[in-house]
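Residue numbers (UniProt numbering): 1 to 1174.
Okay, so here's the structure we're looking at.
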């Protein structure tokens, strides 16, 4: 009879009730209309909807079917079956050995996407063939053996129990060009496909190596898995294959059956033994697995049997020399060679057929219930660790001396009512009734773990419990998205934390989809997670190492710093509860927030993780850097800029042209982002199409020329997408072009999440809607910046700076084109733009087009005739100072200034910088070239060590300015400039820049109402930094005069005295600790505050005594109304102390470095992105 013509053998993996594969080719029967209609109905049930399909070499069609809708789940016993994507670690370790003679190259290059598995499409002929086989096997008047040819290798054991089998399968070329194929029968119910690329029906190419297949029972979940060396193909669920407890025989091979009307035996392969890659197929290196998943060769009597030995040709003498002769050619003969003959010497049993069908073993020892396992468990094999744990849990045994850990056996409970929450995890939850969830048992007074979900939204497809975790894999019904949720309850015993950390690592290997791990970790991640010194810095470092290795992202709690309290009078507060998410989670949920809820009963705060897939984006113009990749943008900008603008004022004309550029670019770039995605997908589709076409024919010349162009275009589109996300990330140290799109995307998403304001407190209530929050922001900042404060002129600035004047006339020289160009090209090209939406890269790329207009603005500004209101706008962006920012004062306002106004300020700042070293006292280390921040730290370190070791009495006053830049009085600034010798022209320029400014506060990217500014200096303006330190320099001069007049007793080393160290608004004063000096300092500081507008917050300031009696230190602190503090203190980001520092003191610095390196070492950064040249 004729078979379909192919040049390769087909591998079939399927088990029926007898656990072998039946391969049958029947004649086409003539069916009645009723029978044909039944087959059509059955086909509709068997063939599921598919995402895509492809054809293999033998003509079969493979459909990519939703993994949860594959035919296996039609079986009534699998209605509530939980999909097991991977076997346990014991099975993985058992199959992780060598794969034999090289990895086999499959003939099928297609695979299915994530969440879909390949299923062979059933044809009507398959159903007819199955019907023929079933009728024959069930017919009482037919003798099955007379109609069947067998080729079987196996072994028996009277007392052995087999839990799996393995074999190395080779497929060889056929010497005589024999082109026959077996069938691949997938109609047996219950097989669950898991692999996306390896499936029943895969073609094994002759001469391409061997493939090692194993079928064995997982001792943890009791399913029978089919595995290759590196792939889980599928499994047979325990719900169906649960009747093998008494089996003691393993068989593998195949049968070919013919209809009763044909008397001759069917052809089976070419009848030859495999020799030197010239024959059909073989099984070799056969072995079995015991109950502990240990592999063994056959150790009992092995046999091979075939009822038609005449079909087997004698082996070539040159190949099988030294091996046993082939079995005698006699019908129905059973031969029993020794094990060594079959497995050791010849390494290949005589199973020879074209259709290479590996039969899973008809093995034994399904688990059964816990109650009956003691009766049915084979005594020949020791209990596995998992079985021991199960026995302990069943018998109520609790291990002694294991600290706070509890044995956890995940118990599933279901009810009739759905919980209202979509997903809930709770550590320390008492286990009582549980609806739609998983739980772990409680231990004494301590709670267990509970995870629950809304069954209307999610299906639980897998769950497992560890010693410290309860894990569930959920599938969202709406779109099939997979979520792994790990509920954590870490141990308190330090000796158990190493095992806990290892369990966290192992969860990563089992997680699928997007992943979050949340709960009570019982370990700190940072020294800031406790209101005192941590007990173990080593645990913190180890935990951070685990978090970095896994790639977790720690979500900050938006409204609290700590989650646990011991409830005492002076409480210990710690953040033990937290939520980590994977990078895929952040990309899928770009808006994820974590809030602490009230704790009415527990000493832990419940945490609420909220995740959103959409963040509202304001419809504001922003220049995209990737637009510069399109040559057409030059014409768009040129045409718009050159259009006639009938305005004589240079500033107004420039402003009008900028608005024209914005409008032109918005129109030109509409739909660019979506077009990039669409074009990239189209490029991939056509590249794939050409690749597939090349497999069946020779490509035309046009097609061959098209493919490199498609690839080049795809690379270009990927680069544009990377540039887009780099611009949004604001990462300046890494260049685009090294395939770091995911890294930039993560940085941009993280930055947006950190800066997002969902709610804000006004002091009396919490605002959660955008409009009241925006109104509150406008009211606060318009009152802070938009109201002029009274100026108290009580400081004689001319007397302070009487002998400190310089020739500053060069500051007033006319602006040149080269000067302005140098300034423009010295700016960072992609920093956040202001209200004009144009970053500096726009001015740099189109400099030749716009330079004339810019120079006209500078000329007008130099003459004092420029009205800068149209271009001197800014948006105030709020950056949180801490994770739990809830008040406006918890945010740092940074101004995004209009680009041209920023260029003007930058030019003035560049000129002024040349004089700052002479204008500012030598103890101010900020924003002055040639001065280093470490200079101040080293000075403080040396002086404090000297005072401490010499037993000299002293005190250190650390002063905190409240929102320093916002409170500078403009009139005070103008008086300082005048006293320092700045000319009227320069002061007029400063007045023009300040008095024409107006600002609006950004709320999640949306600007609010604008207001004119009346005081303060804009952080983000290059000139503001220098103007600020000119103002605070006055305080240093006042203190210096007081020290000279002996009103303040300074301290020092020998003849070198030091009383003040400054770094911008960071001020540290040193004095002798006397009340007389304290009183003088208080008078000077208050006078400076009332004149400059700078408000000193003594509540956040503190006094550190050195060798002072405690009562005197208390009196001195009361003069300032500040608190007392002890060393070490954090000064300029480093720990400062006269004593030897411990590891805990360096932890904040270590954490900062670790956070920087975590992003650099992360898997999102490409190899090229990690390389740097120094």
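Cβ coordinates follow ideal geometry from the N, Cα and C atoms, glycine included.
- By the Cβ criterion, the region 618-627 is in contact with the region 822-840, since at least three pairs of Cβ atoms, one from each stretch, lie closer than 8 Å.
- Each residue's CA atom was taken as its position, placing residue 672 and residue 678 some 10 Å apart.
- Apart from the 5 residues on each side of it in sequence, residue 197 sits with its Cβ closer than 6 Å to the Cβ of 111 in its chain, given in chain order.
- In this model, residue 459 and residue 899 are separated by some 53 Å (Cα to Cα).
- With 16 or more other CB atoms across the displayed protein chains lying within 10 angstroms of its CB, residue 654 is buried.
- With fewer than 16 other Cβ atoms inside 10 Å of its own Cβ, residue 1046 counts as exposed.
- In this structure, the alpha-carbon of residue 32 lies about 43 Å from that of residue 222.
- With contacts defined by Cβ atoms closer than 8 Å, residue 905 and residue 993 form a contacting pair.
- As DSSP reads the structure, residue 1012 sits in a beta bridge with 998.
- Per the DSSP secondary-structure output, residue 1147 pairs with nothing in a beta bridge.
- Secondary structure note for residue 75: it is in no alpha helix (DSSP H), with a DSSP letter that is neither H nor E.
- Residue 624 sits in coil when the DSSP states are folded into three classes, being neither helix nor strand.
- Across the structure, residue 448 and residue 293 are spaced so that their CA atoms are roughly 31 Å apart.
- Excluding the 5 residues flanking it on each side, residue 1134 has same chain C-beta neighbours closer than 8 Å at 937 and 1149, in chain order.
- Beta-bridge pairing by DSSP links residue 962 to 1095.
- Counting C-beta atoms within 10 angstroms of its own C-beta, residue 967 has 16 or more neighbours from the protein chains shown and is therefore classed as buried.
- Assigned with DSSP and collapsed to three states, residue 460 falls in strand.
- Minimum Cα-Cα distance from residue 82 among the listed residues 588, 474, 528 and 947 corresponds to 474.
- The region 648-721 contains, as complete alpha helix (DSSP H) runs of 4+ residues, the segments 650-668 and 672-696 (chain order).
- Beta-bridge annotation (DSSP): residue 55 is paired with 61.
- For residue 882, there is no enclosing beta strand (DSSP E), as DSSP gives it neither H nor E.
- In the structure shown, residue 1028 adopts helical secondary structure according to DSSP, grouped into three states.
- With contacts defined as CB atoms closer than 8 Å, residue 486 and residue 461 fail to qualify as a contacting pair.
- Only exposed fits residue 1100, as fewer than 16 other CB atoms lie within 10 angstroms of its CB.
- With fewer than 16 other beta carbons inside 10 angstroms of its own, residue 45 counts as exposed.
- Residue state for residue 193 is assigned as strand, using DSSP reduced to three classes.
- Note: residue 1057 is bridge-paired with 1052 in the DSSP secondary-structure output.
- Secondary structure note for residue 470: its beta strand (DSSP E) is the uninterrupted segment 469-476.
- Residue range 770-785 is occupied by the alpha helix (DSSP H) that includes residue 783.
- The alpha-carbon separation between residue 1139 and residue 945 amounts to approximately 8 Å.
- Contact between residue 971 and residue 781 is absent: CB atoms are separated by about 20 Å, not below the 8 Å threshold.
- Here residue 985 has 812 as same chain residues with Cβ atoms under 6 Å from its own Cβ, once five neighbours each way along the sequence are excluded.
- Bridge partners of residue 874 according to DSSP: 897 and 999.
- Rounded to the nearest whole angstrom, the C-alpha separation of residue 718 and residue 50 is 29 Å.
- Excluding five sequence positions before and after residue 516, the CB atoms of its chain that fall closer than 8 Å to its own CB belong to 483, 484, 485, 486, 579, 580, 581, 582, 585 and 609, given in chain order.
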